[in-house]
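Accompanying notes for the structure given below.
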Amino acid sequence: ETRIAGDVATPRENNLAHYRHLANGKRNWWLGLELGDRWTDEQDVLAVMAERCGVNDDPGHRQGQDTIDPDLTLAGLDRMAARLREAAEAGERVLVATGHPGALLDLHRRTAQAL
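For the sequence shown, the working numbering assigns the number 991 to the initial residue and increments by one for each residue that follows.
Structural data, given as structure tokens:
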């Protein structure tokens, strides 16, 4: 079973590796965005993920299950829906991207088509 929040299927060591790739400037982890110097420190990336997603902020927690805060997830989805609605009404250009193409690709396709 997979989830987008709570106890997630992605292991902690996998998530930490992703934060490291992003911080080390591996461009395919930037999803086409220009992130600049803001995301060049792995500990800063972990701190942002803890603040915005609710992952454990302890850098010593390196293995096992990772979690994503369900309340933060729902709040983020609400903000995203409001922003997408605003962009659609204004005819703005929207970038649709995911790091999980298998699970979310159809959702992103439908979102892009609706815009």
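All C-beta atoms, glycine included, are put in the ideal place defined by N, C-alpha and C.
This structure is a prediction, so every number in the text was calculated from the model and none was measured.
List the DSSP bridge partners of residue i.
{"i": "Asp1034", "result": "Paired residues: none, contrary to the question."}
{"i": "Asp997", "result": "Thr1057"}
For residue i versus residue j, is the C-beta spacing smaller than 7 Å?
{"i": "Leu1062", "j": "Gly1050", "result": "no"}
{"i": "Tyr1125", "j": "Val1035", "result": "Nothing in the structure corresponds to residue 1125, since the chain is present only between 991 and 1105."}
{"i": "Leu1006", "j": "Trp1029", "result": "no"}
{"i": "Val1084", "j": "Ala1077", "result": "yes"}
Please classify residue i: does DSSP put it in a helix, a strand, or coil?
{"i": "Gly1050", "result": "coil"}
{"i": "Ala1080", "result": "helix"}
{"i": "Leu1067", "result": "helix"}
{"i": "Trp1020", "result": "coil"}
{"i": "Thr1088", "result": "coil"}
{"i": "Asn1014", "result": "coil"}
Beta-carbon within less than 6 Å of residue i's beta-carbon, same chain only, minus the 5 sequence neighbours each way: which residues are those?
{"i": "Asp1059", "result": "Gly1044"}
Identify, in the order they occur along the chain, each residue of the same chain with its Cβ nearer than 8 Å to the Cβ of residue i, setting aside the five sequence neighbours on each side.
{"i": "Gln1055", "result": "Asp997, Val998, Pro1001, Arg1002"}
{"i": "Ile994", "result": "Ile1058, Thr1063"}
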